[in-house]
Amino acid sequence: MKIAVALGTRPEIIKCSPLIRELEARGADYFIIHSNQHYSYELDRVFMEELKLPEPKYNLHAGSGSHSEQTGKIMLGVEKAFEKEKPAVVLVQGDTNTVLAAALAAYKLGVFIGHVEAGLRSFDRRMPEEANRVIVDHLSDYLFAPTEAAKKNLLGEGIGGHALITARGSFTPKILVTGNTSVDATLQNIKLAEESRPNTLEDYCLKRDGYYLVTAHRAENVDDAAVFKELLAAFGEVAKGKPVLYPIHPRSRKRMEEFRLKAPKGVKLVEPPGYLEFLLLEKNASCILTDSGGLQEEACTLGVPCVVLRKSSDRPESIEAGAAALGGVEAKGILAAFEKIKNAKSWKNPYGDGHAARRIVGEVLKWKP
Ligand code: UD1
Ligand code: UDP
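In terms of our numbering, the sequence shown is residues 655 to 1023.
Structure, rendered in structure tokens:
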């Protein structure tokens, strides 16, 4: 049974890496198809290199563009590749345009879809990712929900039951709760990061627990000048306590220039580091303020408190565990959430035990599509 792994952006490369390692370890017949939705070195190749991932068999060179342009290009590329390769199954991870496009193309060719990180919902329809994951969850044959809460979201939308036939001829449930592969990736790579990037803090002129780490790149945040201004104002206030490091996504960099926004005093903008350095910057920060999905999970796994820069979170588990506080997108709310959470210390990681990829690949290899 041939398996395709479709990916295209920074978080997908990182979160698919444990799946790819597991497929390799089990000698599975698989190939990687990369949309190249992300193409800049610091959003793409750096991760393939650091994580020592095999070269994708297909690169669709989709690049940037409007949602339809990007989605359309990827669909056409996936269709062509799948017609040639005839995979039985495609694995997609998350909620990007690459995931939507690959799932749609696969569905129409009768290729089984396994959605990794299924069932996340922010219930905020302004987010392009919300549309993507709702559609992909409904198209998918198999749903790998990271948590029980994600499974509940799926069941609430009528997704569930028994559907798949395994190699033994029996049906299996459509939803499997696995944990999030981001935990696998974090645990697999933090030691490697410590060993191979021992000077990271010095390189950034930082000290353990002596700074805050922020990221913000969500379209509904940084594409709106008023919201982006509020976020920067909040970062400036936070920086009065300890310096703030902001590795800035190209989307946000572009918007800052367009809106003529400046980083406030104490907030240092840097190019996005690779994953290994970034893990260390997360682990050693006093607190993380972010609108990133992956960072919310990683902060929780690494024991660092987190302020969520969104109106609603699709990772309520962090908040329920006492690891994160919802800040919204206004400076006042962000600062209140920061005060509430900044000294939080220990919690049980709700995102899994680091063996999600083993469960997912083990399950896929039982299928008989
Ligand atoms: C995409 C995902 C988002 C995810 C994020 C991870 C969608 C709808 N959004 O958002 O869910 O959280 O990736 O980082 O799929 N750019 C570059 N170099 C690149 C890629 C992009 O400079 O390699 C710039 C371009 O100006 C581009 C902009 O960033 O127009 C946005 O890129 P795009 O892929 O459309 O969305 P992201 O914001 O990266
Ligand atoms: N990341 C990184 N360098 C950075 C910012 C993020 O390596 O400068 C990693 C981070 O560790 C996480 C992933 O990228 O694994 C998160 O990606 P992003 O925030 O772009 O996407 P999201 O998770 O919000 O979809």
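No residue lacks a Cβ here, since even glycine has one placed at the ideal position from N, Cα and C.
In whole angstroms, give me the CA-to-CA distance for Arg905 and Gly1008. Arg905 and Gly1008: Cα-Cα distance of roughly 31 Å.
Where are the beta strand (DSSP E) runs, 3 residues long or more, that stay fully inside the stretch 918-955, in chain order?
Runs of the beta strand (DSSP E) spanning 3 or more residues and lying entirely within the stretch 918-955 occur at 921-924 and 941-944, in chain order.
Which one of Gly768, Leu754, Leu809 and Thr801 has the shortest CA to CA distance from Glu783? Cα-wise, what sits closest to Glu783 is Leu754.
Exercise. Does DSSP classify Asn786 as helix, strand or coil?
Worked result: Three-state DSSP puts Asn786 in a helix.
Do Thr801 and Tyr1005 come within 8 Å of each other at the CB atom, strictly closer than that value? A contact, by the Cβ cut-off of 8 Å.
Item to complete: Locate the beta strand (DSSP E) running through Tyr866, then write down its first and last residues.
Response: Per DSSP, Tyr866 is one residue of the beta strand (DSSP E) stretching across Tyr866 to Thr869.
Close Cβ partners of Arg1033 (< 7 Å) along its chain, the five nearest in sequence each way excluded: Lying before the first or after the last residue shown, residue 1033 is absent from the chain, which here runs from 655 to 1023.
Please name the residue or residues paired with Asn807 in a DSSP beta bridge. According to DSSP, Asn807 bridges with nothing at all.
* To do: Quick one: give me the first and last residue of the beta strand (DSSP E) that Gly764 is part of.
  => It is not in any beta strand (DSSP E) - Gly764 carries neither H nor E in the DSSP assignment.
(message) Does the distance between the C-beta of Tyr712 and the nearest non-hydrogen atom of ligand 1 fall short of 7 Å?
(response) Outside the cutoff, so no.
**Prompt:** What is the residue span of the beta strand (DSSP E) that Ile687 lies within?
**Reply:** For Ile687, the enclosing beta strand (DSSP E) has its first and last residue at Tyr684 to His688.
Report task. Alpha carbon to alpha carbon, how far is Ala839 from Gly864? Give it in angstroms, no decimals. Result -> Going from the Cα of Gly864 to the Cα of Ala839 covers about 25 Å.
Would you say the beta carbon of Ala755 is closer than 7 Å to some non-hydrogen atom of ligand 1? Not under cutoff, so the answer is no.
Exercise for review: Could you pull the start and end residues of the beta strand (DSSP E) that Leu818 belongs to?
Suggested key: Note, Leu818: beta strand (DSSP E), His816 to Ile819.
Leu899, DSSP secondary structure in three states: Leu899 falls in the strand class under three-state DSSP.
Margin query: In the DSSP output, which residue or residues are listed as bridge partners for Val962?
Written below: The bridge partners DSSP lists for Val962 are Thr944 and Leu980.
Between Glu984 and Glu884, which are expected to be in contact by the criterion C-beta below 8 Å, what is the C-beta distance as a whole number of angstroms? Indeed, because the Cβ distance is near 5 Å, the residues count as touching under 8 Å.
**Prompt:** Just to confirm, does His769 get its C-beta within under 7 Å of one of the non-hydrogen atoms of ligand 2?
**Reply:** His769 Cβ: outside cutoff for every heavy atom of ligand 2.
* Asked: Roughly how many whole angstroms lie between the Cα atoms of Ser966 and Ala682?
  -> Rounded to the nearest whole angstrom, the C-alpha separation of Ser966 and Ala682 is 39 Å.
Quick check on this structure: which residue in Arg862, Ala975 and Leu989 has the alpha carbon closest to the alpha carbon of Leu963? Closest in C-alpha terms to Leu963, from the list Arg862, Ala975 and Leu989, comes Leu989.
Exercise for review: Go ahead and label Thr820 buried or exposed: buried means 16 or more other beta carbons lie within 10 angstroms of its beta carbon, across all protein chains shown.
Suggested key: It is exposed - the Cβ of Thr820 has fewer than 16 other Cβ atoms within 10 Å.
### Task
Taking only heavy atoms of ligand 2 into account, decide whether any of them is closer than 7 Å to the Cβ of Pro927.
Correct: Pro927 has its Cβ closer than 7 Å to ligand 2.
query = Near Ala660, what residues of its chain come up, given a Cβ to Cβ distance below 6 Å and the 5 sequence neighbours on each side ignored?
reply = Here the set comprises Ile687, Val744, Val746 and Ala756.
Original post:
In whole angstroms, what separates the C-alpha of Gln691 from that of Asn834?
Top reply: Each residue's alpha carbon lies about 22 Å from the other.
Under a Cβ-count criterion, where at least 16 other Cβ atoms within 10 Å of its own Cβ denotes burial, should Val898 be classed as buried or exposed? So Val898 ends up on the buried side.
Closest Cβ-Cβ distance between Gly1006 and chain B: below 8 Å?
Absence of chain B from the displayed structure is noted, only one protein chain being present.
Query - Which of helix, strand or coil DSSP assigns to Thr835 - result: Here Thr835 sits in helix by DSSP.
**Prompt:** Under a three-way DSSP split, which group does Thr750 fall into?
**Reply:** Thr750 falls in the coil class under three-state DSSP.
Q. What are the partner residues of Thr826, as DSSP defines its beta bridges?
A. DSSP output for Thr826 lists Leu818 as bridge partner(s).
### Query
When you compare only the Cα positions, how much space is there between Cys941 and Gly814?
CA-CA distance, Cys941 to Gly814, rounds to 38 Å.
Under the three-state reduction of DSSP, which class applies to Ala756: helix, strand or coil? Note: Ala756 maps to helix in three-state DSSP.
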